[in-house]
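Residue numbers (the working numbering): 1 to 1270.
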């Protein structure tokens, strides 16, 4: 039965699972879901199963629409969105936009495009750089309020219709409308692909067109009158006058010159009029010619963009589904568009070619090309070029070759999905683009690495690049870049399409497998038997020699260190895997430890990380991680030296034991390591010099050894292996002969090996894999490690005599065997700190990484010194505070929480909590700081007392603290906090402070003896704080902190929010400072008129006379009523309504001896009512309560207000300035929340913050918890 092999993906834990599926030829997606046991059914279970299918199937597509808005050029070209009728889409940089374009020149919301009944309408959303039209008919749209004509590219209007054929420039990008989508692609299913017959489109050549301006008119020349014509008549007239003696004859002689002069003047005027008419006619003709030339240039630009659409071609051909536009350039050259540049037109005017300011810049990829620049930019341009050419030419006419032994990183997984990508060892047809080869496409960091004579593209930034071609002028252009998500989507859409049956490519011949050279285990017992062999050693078969005999390499004999060189596609990565796997099969983990440093992102040695011998896999070293590796290795060397010294041995060969296993350190691509981290390479050289006797072996591999193999390194490396290298200099640097540069290109794995001064020997490196082939069933699903493993599997023949490459199940077998024997590799270093560490040990707030001790250290805090935590938002600052307080044990606690990060946590339930300040209670914050400052002074006066518990002042968010309280009362809060920071530690009062980068410098930083830095927005800020680059980690998850004093790295533990609280602190409790409530608590005794003081306790009623002042709505009337209810006797209330009956009021006051309550006294000023009350007060001296508006109280100089104010007893509600207490002779504390009833009670010059309570408590009311404690 016919079958097919396809590569599909399915959901996995954290990453997709890659599956190579062997299935019947006509399998469907529904059958695949059944085989995989997928819970979700596909959208169409009867749809044919194709290569590249993603379980659970395609998501709901875009709404059907005949209009699509596409970014055709710019830094994020290819981005597109469907534009159905009646819908509007927003274009900009913000993630909330319908079409997100990553273009720095765009505003966050730049433009809105609407598909209305009348057509497509564009509206500028107030963008910074505006919009610009480019129209084929030279008539851009006009604003509805302006009729001024614009040039070809002119500023667009706020709202305008989209003209037919026009393009819209926004920022550095160009938008086009695709109005007529092509019909869907058609073909037949074969071997899991849709075989498409390309539909080549006609190519309209761009013809040369020459235009000439009309010749300017020449003025008609009017001849001067002849001298004879006017002199002869005069002579004749004179003769006649003399002969006839008639003087009047002279008059007839003068008539001829006069007539001649009149005729001449008439001719001159006629010539001027004729020339003026001809000039006007010439001007019109010249304008017509120029307009025709410009229109011809525009038409040519349209044809150029149609012939070279750039990324508009792939988007139109594949989105939202494949169309007949795919591979429409079949039979043509592999031409792509680099971007847009200024180019000469085929249209010329007066023999001068016109210019296109933004013409597509095509480039033929059949010649070698080097793309040089920053990695993100060069990758984006390379993605654009490859996707363009992959959509222009079918797989039968284009091959992108990749070395199967050196596949690209995961960021280039899109290549594995393209149907054009084939192994470099396979037979190819048509145009070939060799990936990362000098004769193909090279992506380079430095232009000096580009081969001579190669076309180069030099990228400066997202909007500037230079095309450099041998023998031609440099061309500056704006590159067309393609983002990774869209590139992956396009490549995945192409995966299941082809123009021919996709038969598997042949595997490289001539290379043996490791399983053919040594026993390849199939059970854990086979592994244990090999590990127990008495002949086990470091000698392993690396491959075969020229006679086919196994070639053994012994690191103890031939090493101890090795240098491996080989260019891309030479088999270098496979050699490293073979060496590591062979050693793992020979020796148990107790006798061999592996440390792998793969600078290629793990693509070379990633599989070997699963071996039980591997103690660590490090990828993409940064300065911090490199320093950690070196420190760990130095610690391991010191440990080994100590072991040998303890047993009295000079060499590891004299001491065989589990405490000194062989350590193999494999470093792939150490050239990049040497260039980016030169100090690290120097450290490795020093390790190599002392590692020989300690059982440490280094294997260094690189593509370009020239210039990085120093004399010191060469002196310590005895075993040198050179696969195919780029030039003789590389070969000479490794094996000291030029032969490695002449190794055949299509024989990966062929190498020259040299030990010491011996002659080079040829060896063919074995491929990692078993010798026996696997069996296959009709339906077979094999999970592979990544997209490139699946790609390699599909490009090997599925015949039964071909075994699977790679380690396969070997790591699991070795791990099972090691676990059964209780064997484990001795760790060379402790694994990096995890991102999350739960609280396991009480009293620990963080776990520190100590590579110098090959372990970790639990950090504790005894609350005896100040501590600062610096970090950006969501970096773990509040969690660090919780962990520190949990580790501090019994302490007294004052908390300033301006950001509310600690609200609702276990800190709010701390038994030692004596004060809590939120973000909206500035006056309470100042009071808490005053209490803490007084406590510091009292403790300093009392002297040391070892039995008293520490006091911790927590300020969670110094930046928020300054914003909320910094300017209050002329910086009083900041002054108090700095005073506690300066003097508190000596009194047992410490500050636990968190904040942003402002804590790194200044007075606060100087007062913190210990500061830890979490993740910051700018890592360079840590360098300003004194840390070296090697002490700054690149990966800082929440809670990852660096101690600024010495660069110690730690991870904050996660405190148990519901865990047990520490016991109450011993000794005398500090004063408790409670925030005043905003409403009446339910537990307040009846008859309480107000709460006040530090502990918000019920206050006794103040003794009359009493002045109550406050602004409108502050609760003056309520306060008067509450106070009057507490006075004995019936009260008399007087307010502005009493103005109408002053006599009646006077009669009532004559016999009244109870309290008198006057409200709105400022309205009674100077009235008979006020006089009556003043007379009563002078006569009866009864209880008098006076309420007045706050501003009016300050301007009253006679009457009731000054009378009562002289007693210096009063209640000021909602004061906003300290001078509001002037009527009572005091300066008031300010900064309280504007809550009705909140104010300051003044008695004999002493101020107390109070909250006046309503007359009666509500029926149901809840209260917020207040700080407790003894």
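Using N, Cα and C, we set each Cβ at its ideal position, and we do this for glycine too. These figures come from a predicted structure and were not determined experimentally.
task = Could you tell me whether the Cβ of residue 283 comes closer than 9 Å to any Cβ of chain B?
result = The displayed structure is made up of one protein chain only, and chain B is not part of it.
Check your understanding: Which of the three DSSP states, helix, strand or coil, is assigned to residue 477?
Key -> strand
Does the distance from the C-beta atom of residue 1025 to that of residue 1003 stay below 9 Å?
no
#### Entry: Completely contained alpha helix (DSSP H) runs for the segment 1140-1167, where each covers 4 or more residues
1142-1150
>> Quick check on residue 544: does DSSP put it in helix, strand or coil?
In response: strand
In the structure shown, what three-state DSSP assignment does residue 1204 receive? helix
task: Could you check which residue in 292, 311 and 45 has the C-alpha nearest to that of residue 482?
output: 311
Discussion item. Looking at residue 1094: is its Cβ nearer than 9 Å to the Cβ of residue 1073?
Written reply: yes
Query - Helix, strand or coil at residue 911 according to DSSP, with G and I counted as helix - result: coil
(Q) For residue 1029, which residues in the same chain have their Cβ closer than 6 Å to its Cβ, ignoring the five residues on either side in sequence? (A) 623
- Compare the C-alpha of residue 523 against each of 1151, 820, 71 and 169 and name the closest. 820
- prompt: Mind checking whether residue 1070 and residue 894 have CB atoms under 9 Å apart?
  reply: yes
Worksheet entry | contact_flag[the segment 577-589, the segment 672-692] where n(CB pairs < 8 Å) is 3 or more | no
(request) State the beta-bridge partners of residue 177 as determined by DSSP. (result) 69
message: Short of 7 Å in beta carbon distance, which residues of its chain neighbour residue 551, apart from the five on each side in sequence? Order them along the chain.
response: 541, 542, 543, 544, 545 and 763
task: In the DSSP assignment, find the unbroken beta strand (DSSP E) run with residue 345 in it and report its ends.
output: 335-349
Which whole runs of the beta strand (DSSP E) in the segment 169-253 are 3 residues long or more, in chain order?
173-178, 187-190, 193-196 and 209-211
**residue 276 - DSSP class collapsed to helix/strand/coil** = helix
Exercise for the section: On the DSSP bridge assignment, give the partners of residue 936 in chain order. Expected result: Paired residues: none, contrary to the question.
The beta strand (DSSP E) with residue 115 in it runs from where to where?
-> 111-116
- Message: Taking only three categories from DSSP, how would you classify residue 48?
- Response: strand
- Item | Sequence-distant residues of its chain with Cβ nearer than 7 Å to residue 974 (five each side left out) | 962 and 966
- Task: Can you say whether residue 368 is buried or exposed, counting buried as having 16 or more other CB atoms within 10 angstroms of its CB?
- Result: buried
Identify the continuous beta strand (DSSP E) that holds residue 735 and give its terminal residues.
-> Here residue 735 belongs to no beta strand (DSSP E); instead the alpha helix (DSSP H) covers 728-735.
To the nearest angstrom, how far is it from the Cα of residue 510 to the Cα of residue 547?
-> At residue 510 the pLDDT is 48, less than 50, meaning the model places this residue with poor confidence; the figure from the coordinates comes in the next sentence. Straight-line Cα distance between these residues: approximately 12 Å.
Q. Among the residues of its own chain, which have a CB less than 8 Å from the CB of residue 408, if the five just before and after it don't count?
A. 402, 415, 435, 436, 603 and 788
* Proximal residues to residue 453 (C-beta, below 7 Å), its chain only, five neighbours per side dropped -> 470
- Roughly how many whole angstroms lie between the Cα atoms of residue 1018 and residue 858? 28 Å
| task | Please name the residue or residues paired with residue 894 in a DSSP beta bridge. | result | 915 and 953
### Message
Checking the sheet assignment: what are the DSSP bridge partners for residue 1197?
### Response
For residue 1197, which the question treats as bridged, DSSP gives no partner whatsoever.
Pop quiz: residue 1001 and residue 1104 are said to be a contact at Cβ under 8 Å. What is the actual Cβ separation, rounded to whole angstroms?
Incorrect: roughly 56 Å between the Cβ atoms, too far for contact.
Helix or strand or just coil, what does DSSP make of residue 826? coil
For residue 1110, which residues in the same chain have their Cβ closer than 7 Å to its Cβ, ignoring the five residues on either side in sequence? 1116, 1190, 1212, 1213, 1214 and 1239
Tell me, which residues are paired with residue 701 by DSSP?
564 and 668
Compute the Euclidean distance between the alpha carbons of residue 734 and residue 438, then round it to the nearest angstrom.
21 Å
On the premise that residue 1226 lies in contact with residue 1205, defined as a C-beta separation below 8 Å, what is that separation, rounded to the nearest angstrom?
Residue 1205 to residue 1226, Cβ: 11 Å. No contact.
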